[in-house]
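Take a look at the structure set out below.
Protein chains: 2
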Amino acid sequence: MDDPVDASSSRKIPAGWVSSRPRAERARQLADALRHQIITGRFADGVLPDERGLGSRFGASRNAVREALALLRQEGLITRRRGVGTTVVLPKYGHGLDRLAGLAETLTGYGTVTNEVRLAETVAELPAAIAERLAVPAGSGGVHLERLRWLDGLPLSLDSSYLTADAGRGVLAGDLAGRDVFTLIEETTGCLLGRAEVAIHAVTADPDTAELLRIPAGAAVFALERLTRLSDGRPVDVESIRIRADRMALHAVLHRGGQPW
Amino acid sequence: MDDPVDASSSRKIPAGWVSSRPRAERARQLADALRHQIITGRFADGVLPDERGLGSRFGASRNAVREALALLRQEGLITRRRGVGTTVVLPKYGHGLDRLAGLAETLTGYGTVTNEVRLAETVAELPAAIAERLAVPAGSGGVHLERLRWLDGLPLSLDSSYLTADAGRGVLAGDLAGRDVFTLIEETTGCLLGRAEVAIHAVTADPDTAELLRIPAGAAVFALERLTRLSDGRPVDVESIRIRADRMALHAVLHRGGQPW
Numbered sequence: 447m448d449d450p451v452d453a454s455s456s457r458k459i460p461a462g463w464v465s466s467r468p469r470a471e472r473a474r475q476l477a478d479a480l481r482h483q484i485i486t487g488r489f490a491d492g493v494l495p496d497e498r499g500l501g502s503r504f505g506a507s508r509n510a511v512r513e514a515l516a517l518l519r520q521e522g523l524i525t526r527r528r529g530v531g532t533t534v535v536l537p538k539y540g541h542g543l544d545r546l547a548g549l550a551e552t553l554t555g556y557g558t559v560t561n562e563v564r565l566a567e568t569v570a571e572l573p574a575a576i577a578e579r580l581a582v583p584a585g586s587g588g589v590h591l592e593r594l595r596w597l598d599g600l601p602l603s604l605d606s607s608y609l610t611a612d613a614g615r616g617v618l619a620g621d622l623a624g625r626d627v628f629t630l631i632e633e634t635t636g637c638l639l640g641r642a643e644v645a646i647h648a649v650t651a652d653p654d655t656a657e658l659l660r661i662p663a664g665a666a667v668f669a670l671e672r673l674t675r676l677s678d679g680r681p682v683d684v685e686s687i688r689i690r691a692d693r694m695a696l697h698a699v700l701h702r703g704g705q706p707w
Numbered sequence: 447m448d449d450p451v452d453a454s455s456s457r458k459i460p461a462g463w464v465s466s467r468p469r470a471e472r473a474r475q476l477a478d479a480l481r482h483q484i485i486t487g488r489f490a491d492g493v494l495p496d497e498r499g500l501g502s503r504f505g506a507s508r509n510a511v512r513e514a515l516a517l518l519r520q521e522g523l524i525t526r527r528r529g530v531g532t533t534v535v536l537p538k539y540g541h542g543l544d545r546l547a548g549l550a551e552t553l554t555g556y557g558t559v560t561n562e563v564r565l566a567e568t569v570a571e572l573p574a575a576i577a578e579r580l581a582v583p584a585g586s587g588g589v590h591l592e593r594l595r596w597l598d599g600l601p602l603s604l605d606s607s608y609l610t611a612d613a614g615r616g617v618l619a620g621d622l623a624g625r626d627v628f629t630l631i632e633e634t635t636g637c638l639l640g641r642a643e644v645a646i647h648a649v650t651a652d653p654d655t656a657e658l659l660r661i662p663a664g665a666a667v668f669a670l671e672r673l674t675r676l677s678d679g680r681p682v683d684v685e686s687i688r689i690r691a692d693r694m695a696l697h698a699v700l701h702r703g704g705q706p707w
């Protein structure tokens, strides 16, 4: 591993003398710029210019372009085929962090979310750590759901939920294959949801998750931990969600003054 | 790859008959619960109970515990050493998505953020895609910064910024090694920042980024694209940020009604 001071001073050496680092950096920066253009729909027909065209568009060498495209291909964002060129695999869907919404609500207009219900059952005793987060006594029962969520034939996320017995009972009787759990909770409890605390992690997919989400093991996925409360503040739903990071980005608008909560 | 319908129906088969899937799922769920306890500081001395202790705590088999710990070790969250046991590598720092803040501001109280300035220069011509995002005419000049950001000897993120010439000029003269760019922009322009639009991606680290951040190539990192505006709405700063996902989580509080923006 380079000493950081060496790395920092290396930029004073003429470019031709330096081995791979500057080109790798250039490729990374180019990949960032290209990713942004892809995600914002700049290549409306899904076809990228050829290497020469991209090079002149970004003022980059052909090698840097090639390395940048390799990075984006590794992320699952583009494919490259001889004779066809470089094409965008699929658009990335944006999941807003500005309000609490289920996946089907979020993706309204993009397609139909369907859920493969892998598990939907009452549990006699919630795991102790879950009971604590749900603020119910140790040993309380509840409901456990696991759903693989598909958008138009593509698995997007794997959601594991523990619900309190109160909220879960009605949800179990609802249309778990076709609906968001959030709307089912609101309908069956007659209470609106209030807020949720979300922690967002990025991890590499273990083989089991990868197989379910149909991505290579070791691909990056979002791991969301979400605790959702009714409008009276009572927690009802603890979720662990794995989201395909090649197909979803999370969006937020942050204000310098902060929000009044 | 399993057909999803098969996967769904497999839970009707007695557990002993099923090969690896249920145990892998149990391990994943256990890893989720453990990760939450680690991150919320439940193991205050940084030492986890032994496998037997964890098994009885979570009602899980020894094998599931072992697999869960392997997943968390792969994430860089824990180490396991014979004779020492399982220890938390370091706490994960939380970066709130509730307000726009620089890293040093966010981590006040955790330690001192220092920045290895790898690049700080005026550029005669901003890349076309950057000029467009900054809403300046094609061919405009600006400032390019790249900083590796350290917290107490640990590299946390690699930030590449393009600033408008106006905002960048003063920032270049500021204390780039010790300060957040946000506070430098506010001081040197005399304008407060307003809001930023952030897109959060999860990607695997390319070898160049991995070497700089001192993580294994292929580890999961956050890739943030952030466009920051002055309070009058004028964009001043486009950033691409790679954040070590083994050391940082992003936190948000979401409201069902949404925020009034």
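If you read the sequences in order, they're chains B and V. Numbering follows the working numbering, in which position 132 of the first sequence is assigned residue number 578; successive positions increment by one, without gaps. Numbering follows the working numbering, in which position 108 of the second sequence is assigned residue number 554; successive positions increment by one, without gaps. We put the beta carbon where it would ideally sit given N, CA and C, even for glycine.
request  = For the beta strand (DSSP E) containing residue 601(B), list its first residue and its last residue.
outcome  = 600-610
message = So, at 8 angstroms on beta carbons, what are the nonlocal neighbours of residue 633(V) in its own chain, with the 5 sequence-adjacent residues on each side left out?
response = 616 and 620
query = Under a Cβ-count criterion, where at least 16 other Cβ atoms within 10 Å of its own Cβ denotes burial, should residue 497(B) be classed as buried or exposed?
reply = Buried, because 16 or more other Cβ atoms sit within 10 Å of the Cβ of residue 497(B).
message = Considering Cα atoms alone, identify which of 624(V), 643(V), 595(V) and 612(V) is closest to residue 744(V).
response = Look at the range of chain V in this structure, 447 to 707, and you will see that residue 744(V) is not part of it.
ask   = Name the DSSP bridge partner or partners of residue 690(B)?
value = Residue 690(B) is bridged to 667(B).
task = Please name the residue in 546(V), 472(V), 669(V) and 571(V) whose C-alpha comes closest to that of residue 608(V).
result = 571(V)
inquiry  = My output table needs one value for residue 636(B): the three-state DSSP class, helix, strand or coil.
reply    = coil
Whether residue 559(V) touches residue 553(V) by CB criterion (8 angstroms) = yes
task = Could you tell me how far apart the beta carbons of residue 519(V) and residue 508(V) are, in whole angstroms, since I believe they sit closer than 8 angstroms?
result = That pair is no contact at about 16 angstroms.
ask   = CA-CA distance, residue 469(B) and residue 532(B)?
value = 21 angstroms
message = Using 8 angstroms as the threshold, is the C-beta distance between residue 639(B) and residue 676(B) below it?
response = yes
message = Among the candidates 541(V), 543(V), 591(V) and 492(V), whose CA atom is the shortest distance from the CA of residue 627(V)?
response = 591(V)
query = Going by alpha carbons, who is nearest to residue 678(B) out of 523(V), 701(V) and 545(V)?
reply = Minimum Cα distance to residue 678(B) is reached at 701(V).
Close-in-space but distant-in-sequence residues of the same chain around residue 603(V) (CB under 8 angstroms, 5 per side omitted) = 549, 594, 595, 659, 687, 688, 689, 690 and 694
message = When you compare the CB positions of residue 651(B) and residue 661(B), do they come within less than 8 angstroms of one another, or not?
response = yes
query = Are any of the Cβ atoms in chain B nearer than 8 angstroms to that of residue 652(V)?
reply = yes
ask   = By the 10 Å Cβ neighbour count, where 16 or more other Cβ atoms means buried, how is residue 708(B) classified, buried or exposed?
value = The shown model of chain B, from 447 to 707, leaves out residue 708(B), and the question about it has no answer.
ask   = In the structure shown, what three-state DSSP assignment does residue 558(B) receive?
value = Secondary structure of residue 558(B) (DSSP, three-state): coil.
inquiry  = Cutting at 7 angstroms between CB atoms, please list the residues of its own chain near residue 476(V), excluding the five before and the five after it.
reply    = 504, 506, 510, 511 and 514
Which of helix, strand or coil DSSP assigns to residue 571(B) = coil
query = Using the beta-carbon count (16 or more within 10 Å), is residue 685(B) buried or exposed?
reply = buried
query = Is the CB of residue 559(V) under 8 angstroms away from at least one CB in chain B?
reply = At a cut-off of 8 angstroms between C-beta atoms, residue 559(V) does not count as an interface residue with respect to chain B.
inquiry  = Please report the straight-line C-alpha distance between residue 538(V) and residue 580(B), rounded to a whole angstrom.
reply    = 23 angstroms
task = Could you name the residues of the same chain whose beta carbon sits closer than 7 angstroms to that of residue 482(V), not counting the 5 residues immediately before and after it, in chain order?
result = none
key: Nonlocal neighbours in the same chain, by C-beta distance under 8 angstroms from residue 517(V), ignoring five residues either side   = 473, 474 and 477
message = In the DSSP assignment, the alpha helix (DSSP H) including residue 511(V) goes from what residue to what residue?
response = Its alpha helix (DSSP H) spans residues 508-520.
inquiry  = By the three-class DSSP mapping on this structure, what secondary structure does residue 484(V) have?
reply    = helix
ask   = If we count the other Cβ atoms within 10 Å of its Cβ and call it buried at 16 or more, is residue 672(V) buried or exposed?
value = buried
inquiry  = For residue 563(B) and residue 500(V), what's the separation of their Cα atoms in angstroms?
reply    = 29 angstroms
task = Kindly indicate which three-state DSSP category residue 653(B) falls into: helix, strand or coil?
result = helix
message = Within the continuous alpha helix (DSSP H) that includes residue 528(B), where are the two ends?
response = That residue, residue 528(B), is in no alpha helix (DSSP H); it is neither H nor E in DSSP.
request  = Under the assumption that residue 588(B) contacts residue 614(B) (Cβ atoms under 8 angstroms), give the Cβ distance between them as a whole number of angstroms.
outcome  = 6 angstroms
ask   = Using DSSP with H/G/I as helix, E/B as strand and the rest coil, what is residue 625(B)?
value = coil
ask   = For residue 669(V) versus residue 682(V), is the C-beta spacing smaller than 8 angstroms?
value = Not a contact, by the Cβ cut-off of 8 angstroms.
task = Anything in chain V within Cβ reach of residue 485(B), meaning under 9 angstroms, just list it in chain order.
result = 645, 647 and 671
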